[in-house]
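K.L.:
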Amino acid sequence: MPPLLAGTLVVLSSAAVLVLEVLVSRLVAPFVGLTLETYTAAIGVALAAIAAGAALGGRLADAVDPRRWLGLALAVGGALLLAARPTVFAVGEGFRGTGPGGTVVLVLLAVAPSVLVLSTVTPGVVKLRLRTLAETGQTVGRLSAAGTLGALAGTFLTGFVLLEAFPTSVLLLLTGLLLVFTGLVVAVVLSRPPRDGLGPLAGILAFATLTSGWLVLADGPCQVETRYYCASVVADPARANGRTLILDTLHHSYVDLNDPTYLAFAYTRRFADVLAQQPPGALDVLHLGGGGFTIPRHLAAVRPGSHSTVLEVDPQIPVIGRERLGLVTGPELVVEVGDARTAITGQPSAAYDVVVGDAFGSLAVPWHLTTAEMVQQVRRVLRPGGVYLLNVIDYPPLAFARAETATLLKAFDEVAVMAVPQTLTGEGGGNLVLVASDRALPVSELLSRAGARGEPSSVIGGIDVERFAGQSRVLTDDDAPVDQLLTPYSAPPFG
7 MPPLLAGTLV VLSSAAVLVL EVLVSRLVAP FVGLTLETYT AAIGVALAAI AAGAALGGRL
67 ADAVDPRRWL GLALAVGGAL LLAARPTVFA VGEGFRGTGP GGTVVLVLLA VAPSVLVLST
127 VTPGVVKLRL RTLAETGQTV GRLSAAGTLG ALAGTFLTGF VLLEAFPTSV LLLLTGLLLV
187 FTGLVVAVVL SRPPRDGLGP LAGILAFATL TSGWLVLADG PCQVETRYYC ASVVADPARA
247 NGRTLILDTL HHSYVDLNDP TYLAFAYTRR FADVLAQQPP GALDVLHLGG GGFTIPRHLA
307 AVRPGSHSTV LEVDPQIPVI GRERLGLVTG PELVVEVGDA RTAITGQPSA AYDVVVGDAF
367 GSLAVPWHLT TAEMVQQVRR VLRPGGVYLL NVIDYPPLAF ARAETATLLK AFDEVAVMAV
427 PQTLTGEGGG NLVLVASDRA LPVSELLSRA GARGEPSSVI GGIDVERFAG QSRVLTDDDA
487 PVDQLLTPYS APPFG
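Residue numbers (my numbering): 7 to 501.
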């Protein structure tokens with residue numbers, strides 16, 4: 007086998023494996039969420055399939071002349087890659103709520119078939135390139151380096167370039183078709199099949215046509231595939247102008263297109279209660295996370311002249327907001343695209359009356375926004391007496407919510423927790439709103455407003471908050487096992 011062809015096959019197959027490994031978390035997120043377990047499953051399943059494919063390819067190379075099957079393997083791997091997305095869509099609903107084990111199985115169904123077959127290519131190429139034992143080291147070393155370079159290219163191009171330019175479906179289609187076309191050409195060139203030996207090639211071509219058509223026609227749960235989310239906007243049949251923004255598995259935001267003062271979700275009403283207790287007049291508010299922009303729009307309606315700055319990591323979320331959720335940006339409502347942890351460092355000190363944190367979603371929590379170091383940045387941008395509002399989603403035993411409360415208690419003089427009573431006692435879960443400030447918090451007023459709304463005993467402060475936090479760890483950049491606190495496999499060591 008010529009060196010150029012050998013290198014091309016190894017680079018292409020390795021790059022395709024990493025393209026699929028990077029993309030699979032996007033495929034399964036609408037069904038099992040985008041968590042540390044999702045990324046771990048993607049890496050672990052891919053590595054296992056690579057190992058199995060390498061072992062299989064080595065045995066096959068010793069048993070059968072690789073010129074007879076290398077091209078076929080590349081083409082079959084491409085056809086199986088085309089089937090990854092529709093396979094997830096076909097079975098994904100059955101994996102909702104199945105936990106880490108279900109995540110691994112769903113990723114296995116999507117990734118393992120294609121990766122296993124593609125990973126047989128490199129051992130076959132090595133077999134054809136080995137001419138003498140004296141060249142074993144350099145031959146294996148060069149092809150191993152080529153495979154690693156292909157994997158790096160697949161990783162960086164997908165994450166930094168291709169995902170911004172193309173939807174996931176298009177990336178998978180282009181990658182799969184490239185593999186199929188290249189594999190069929192290589193099969194013809196290497197094996198030179200006689201006329202009556204074209205059956206396998208025709209069969210693979212038919213299989214690839216079937217899987218590519220399945221990929222194109224498969225109807226997934228997303229209206230828009232953003233850089234980070236599977237996003238959909240759903241109309242509320244009970245309210246003509248009501249719209250719900252769904253990101254992956256979470257009903258993230260609700261807005262009324264004609265009435266920004268309407269707040270459907272209980273946690274947003276708790277936000278509004280705290281905002282209503284701020285001094286009269288316009289407020290300067292920093293929002294960590296945009297979502298449906300419910301609170302910025304509400305603030306503009308109830309506090310005319312207020313200024314909101316929204317830090318949103320996903321550049322397509324503001325586009326969805328403007329096109330479908332009634333978002334109007336301007337001097338009084340500015341959206342800055344960027345990760346909140348890094349973007350907040352560019353915000354001026356003592357510039358805001360309130361910081362609203364609403365970037366957490368179910369089991370998908372950006373851990374670097376939970377730590378004491380992030381809280382210090384929040385304190386820096388708050389004016390004296392300013393308030394930090396944070397929406398947290400957790401379930402019994404509430405290990406993450408307690409740890410986040412402990413983190414705020416270390417940084418602020420006053421902390422309150424707002425949630426339904428059964429959540430405050432640790433018997434239930436859902437949304438909790440944490441309120442932190444260096445001035446006394448109006449706990450009695452917040453209790454009164456919540457009680458008038460039918461949520462009595464849903465605010466605690468002072469010693470009750472300290473009891474709620476217990477001995478939970480303070481989250482830091484060095485120690486923030488947020489995913490494990492959210493999905494404990496055993497009783498948590500703290501709290």
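Just so you know, even glycine gets a beta-carbon here, dropped at the ideal spot from N, CA and C.
Report, in whole angstroms, the separation of the C-beta atoms of residue 179 and residue 221, which I expect to be a contact under 8 angstroms.
P.N.:
That belief holds up - the Cβ atoms of residue 179 and residue 221 are roughly 6 angstroms apart, short of 8 angstroms.
K.L.:
Once DSSP output is grouped into helix, strand and coil, what is the label at residue 88?
P.N.:
Correct three-state label for residue 88: helix.
K.L.:
Between the Cα of residue 292 and those of 341, 254, 325 and 274, spot the shortest distance and give me the residue it belongs to.
P.N.:
For residue 292, the nearest C-alpha among the options comes from 341.
K.L.:
Excluding five sequence neighbours on each side, which residues of the same chain lie with their C-beta closer than 8 angstroms to the C-beta of residue 472?
P.N.:
Correct list, in chain order: 415.
K.L.:
Which residues does DSSP list as the beta-bridge partners of residue 30?
P.N.:
According to DSSP, residue 30 bridges with nothing at all.
K.L.:
Return the CA-CA distance between residue 418 and residue 364, expressed in angstroms with no decimal places.
P.N.:
Residue 418 and residue 364: Cα-Cα distance of roughly 19 angstroms.
K.L.:
What residues are listed by DSSP as bridge partners for residue 397?
P.N.:
Its beta-bridge partners are 439.
K.L.:
What do you get for residue 246, buried or exposed, if any count of 16 or more other CB atoms within 10 angstroms of its CB means buried?
P.N.:
Exposed, by the Cβ-count rule.
K.L.:
Near residue 235, which residues of its chain fall below 7 angstroms by C-beta distance, leaving aside the five closest residues on each side in sequence?
P.N.:
Counting only Cβ-Cβ distances below 7 angstroms, and skipping sequence neighbours, we find 253, 254 and 320.
K.L.:
If contact is defined by three or more beta carbon pairs under 8 angstroms, each pair taking one atom from either stretch, is the segment 380-390 in contact with the segment 347-358?
P.N.:
Yes, they touch.
K.L.:
Among 16, 228, 469 and 267, which residue has its Cα nearest to the Cα of residue 154?
P.N.:
That would be 16, whose Cα lies nearest to the Cα of residue 154.
K.L.:
Ends of the alpha helix (DSSP H) at residue 122?
P.N.:
Run containing residue 122: 105-124, per the alpha helix (DSSP H) assignment.
K.L.:
With 16 as the cutoff for other CB atoms within 10 Å, does residue 216 come out buried or exposed?
P.N.:
It is exposed - the Cβ of residue 216 has fewer than 16 other Cβ atoms within 10 Å.
K.L.:
According to DSSP, residue 318 sits in a beta bridge with which residue or residues?
P.N.:
Note: residue 318 sits in a beta bridge opposite 343.
K.L.:
Looking only at its chain, what residues have a beta carbon closer than 7 angstroms to the beta carbon of residue 495, apart from the 5 residues adjacent to it on each side?
P.N.:
With a pLDDT of only 48 at residue 495, under the threshold of 50, the placement of this residue in the model should not be trusted, and no figure is reported.
K.L.:
Is residue 299 buried or exposed, if buried means 16 or more other CB atoms sit within 10 Å of its CB?
P.N.:
It counts as buried.
K.L.:
What would DSSP say about residue 498, mapped onto helix, strand or coil?
P.N.:
Residue placement at residue 498 cannot be trusted, given a pLDDT of 38 that sits under 50; what the coordinates show is reported in the next sentence. DSSP places residue 498 in coil when its eight states are reduced to three.
K.L.:
Specify whether the segment 423-437 and the segment 398-405 touch according to this definition: at least 3 beta carbon pairs, one from each stretch, less than 8 angstroms apart.
P.N.:
Cβ pair count under 8 angstroms is three or more, so yes.
K.L.:
Can you tell me which residues form a DSSP beta bridge with residue 422?
P.N.:
Paired residues: 441 and 467.
K.L.:
Is it the case that the CB of residue 276 approaches a heavy atom of the ligand MN more closely than 7 angstroms?
P.N.:
Absence of the ligand MN is noted for the structure shown, with no ligands found whatsoever.
K.L.:
Helix, strand or coil for residue 485? Go by DSSP, reduced to three states.
P.N.:
Strand, per DSSP.
K.L.:
Tell me the DSSP bridge mates of residue 252?
P.N.:
Answer by DSSP bridge pairing, in chain order: 238 and 257.
K.L.:
Let's see if you can read the secondary structure: which residues bound the alpha helix (DSSP H) around residue 191?
P.N.:
Note, residue 191: alpha helix (DSSP H), 174-197.
K.L.:
For residue 82, name the three-state secondary structure that DSSP assigns.
P.N.:
Helix, per DSSP.
K.L.:
Would residue 208 count as contacting chain B if we go by Cβ distances under 8 angstroms?
P.N.:
This model lacks chain B altogether; it includes just one protein chain.
K.L.:
Under DSSP, the alpha helix (DSSP H) around residue 361 begins and ends at which residues?
P.N.:
Where residue 361 is concerned, there is no enclosing alpha helix (DSSP H), although the beta strand (DSSP E) it sits in stretches over 358-363.
K.L.:
Which value, in whole angstroms, describes the spacing of the CA atoms of residue 391 and residue 445?
P.N.:
Taking the straight line joining both Cα atoms gives about 5 angstroms.
K.L.:
Measure the C-alpha to C-alpha separation of residue 8 and residue 188 and round it to an integer number of angstroms.
P.N.:
Going from the Cα of residue 8 to the Cα of residue 188 covers about 16 angstroms.
K.L.:
Looking only at its own chain, which residues have a Cβ that is under 6 angstroms from the Cβ of residue 273, when we skip the five neighbours before and after it?
P.N.:
So the qualifying residues of the chain are 397, 437 and 439.
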